[in-house]
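Throughout, this note's numbering is defined as the position within the sequence shown, counted from one, plus 10.
See structure below.
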Amino acid sequence: MSFSFKNQVALVTGAASGIGWATANAFAQAGAAVALVDVNGDAAQAKADSLIAAGHTAIALCCDVADIDQVEVMVKETIATFGRLDMAFNNAGIQNVLAEMADATVDDYERVMSVNLRGIWACMKFELEHMRRQGSGTIVNCSSLGGLVGGAERASYHAAKHGVIGLTKSAALEYASRNIRVNAVCPGLIWTPMADQMVAAGQGEALEDMTKAVPMGRHGQPEEIADAVLWLSSASSSYVTGQSISVDGGFIMR
Ligand code: NAI
Numbered sequence: 011m012s013f014s015f016k017n018q019v020a021l022v023t024g025a026a027s028g029i030g031w032a033t034a035n036a037f038a039q040a041g042a043a044v045a046l047v048d049v050n051g052d053a054a055q056a057k058a059d060s061l062i063a064a065g066h067t068a069i070a071l072c073c074d075v076a077d078i079d080q081v082e083v084m085v086k087e088t089i090a091t092f093g094r095l096d097m098a099f100n101n102a103g104i105q106n107v108l109a110e111m112a113d114a115t116v117d118d119y120e121r122v123m124s125v126n127l128r129g130i131w132a133c134m135k136f137e138l139e140h141m142r143r144q145g146s147g148t149i150v151n152c153s154s155l156g157g158l159v160g161g162a163e164r165a166s167y168h169a170a171k172h173g174v175i176g177l178t179k180s181a182a183l184e185y186a187s188r189n190i191r192v193n194a195v196c197p198g199l200i201w202t203p204m205a206d207q208m209v210a211a212g213q214g215e216a217l218e219d220m221t222k223a224v225p226m227g228r229h230g231q232p233e234e235i236a237d238a239v240l241w242l243s244s245a246s247s248s249y250v251t252g253q254s255i256s257v258d259g260g261f262i263m264r
């Protein structure tokens, strides 16, 4: 399916890598002006430059979504630059340090929650403030397969991703009658630099076992998540809100 987002503005967090980059690129290919937001400002700038060089409209914004003041400035800067905000993909996320709950540290818990849950909350807060005034908008939040099931040694990550679905449903209810839709995607095993980091951290075998457990027998590509995000951001999903769409090769069916 091809989409046209001409004259529309998209904001993507975690846009310098993996799923975020694939989605920012897809939004740009579909004609949207794109704000590429990332804590790694140089990498986001390089990606924005590549879009601009290809004739698209883009800016890079350095922002740590765990810092609410930075999030407020980032959303305001997007709107100041492009004049509006039509679509947001709140995607930035990190892994927890693998540990049984009895051994996990409060520092790691706080780190994961501050990015994966509070970061999404902060982004939505300022995006919705503008969309409410504007009278339109779509938001897609990045949850995970881990937002739907438990995960040994991954309690804080899974708890945060479950929380993202709670935020999504609650905001969807609040704004359903105001022309603002809020949905989530739940990626399964997607090959990105995050997966490379897991291999580097000695979790390669676990990833291989997970891949074998995927009914489709393969891991997914970031572009397959981008397709779902663009659909949820487009008028083609105009009667869909508050949903968490699994894009996981059928993993969650088991
Ligand atoms: P990635 O590691 O390739 O990219 C994540 C990006 O987010 C990086 O550019 C990083 O700099 C940025 N980022 C990290 N912390 C940030 C912060 N505090 N503020 C702003 N930007 C920050 O990861 P990937 O795989 O593309 O993951 C994207 C999202 O998809 C995450 O929320 C992740 O939890 C979720 N996900 C990924 C899966 C996978 O198999 N790759 C599976 C399920 C969910």
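Even for Gly, the Cβ is constructed at its ideal location relative to N, Cα and C.
In terms of side-chain proximity, the C-beta atom of residue 84 is found no nearer than 7 Å to any non-hydrogen atom of the ligand NAI. Annotation for residue 146: 96, 189 and 190 place their beta carbon closer than 8 Å to its own, counting only its chain and skipping 5 residues before and after. When 29, 62, 215 and 139 are compared, the shortest CA-CA separation from residue 42 is found for 62. The stretch 98-107 and the stretch 153-167 touch, with three or more beta-carbon pairs separated by less than 8 Å. Pairing residue 139 with residue 149 gives a Cβ-Cβ distance that is not under 8 Å. Comparing alpha-carbon positions, the option among 159, 134, 141 and 208 lying closest to residue 178 turns out to be 134. Per DSSP, residue 42 lies in no beta strand (DSSP E) and is assigned neither H nor E.
Taking 8 Å as the cut-off, the beta carbon of residue 176 is found no closer than this to the beta carbon of residue 257. For residue 238, the uninterrupted alpha helix (DSSP H) run begins and ends at 232-243, by DSSP. Beta bridge pairing from DSSP links residue 21 with 45 and 98.
Spanning the alpha carbons of residue 124 and residue 130 requires a straight line of approximately 9 Å.
Taking 3 residues as the shortest admissible run, the stretch 108-165 contains the following complete beta strand (DSSP E) segments, listed from N- to C-terminal end: 147-152. Bridge partners of residue 256 according to DSSP: 196. One Cα belongs to residue 88, the other to residue 81, and the distance between them is close to 11 Å. If you check the CB distance, residue 194 and residue 151 come in under 8 Å. Looking only at 75, 38 and 24, the smallest Cα-Cα distance to residue 12 is reached by 38. Here the distance from the Cβ of residue 176 to the nearest heavy atom of the ligand NAI is not below 7 Å.
For residue 29, the three-state secondary structure derived from DSSP is helix. The three-state secondary structure of residue 191, taken from DSSP, is strand. Annotated as distal: residue 91 and residue 235, with beta-carbon spacing of 8 Å or more. For the ligand NAI, a non-hydrogen atom lies closer than 7 Å to the CB of residue 48. Of the heavy atoms belonging to the ligand NAI, none sits nearer than 7 Å to the Cβ of residue 262. The Cβ atoms of residue 25 and residue 57 sit closer than 8 Å to each other. Excluding its 5 nearest sequence neighbours in each direction, residue 78 has C-beta neighbours in its own chain below 7 Å: 132, listed in chain order. Partner residues in the beta bridge of residue 71, as assigned by DSSP, are 47.
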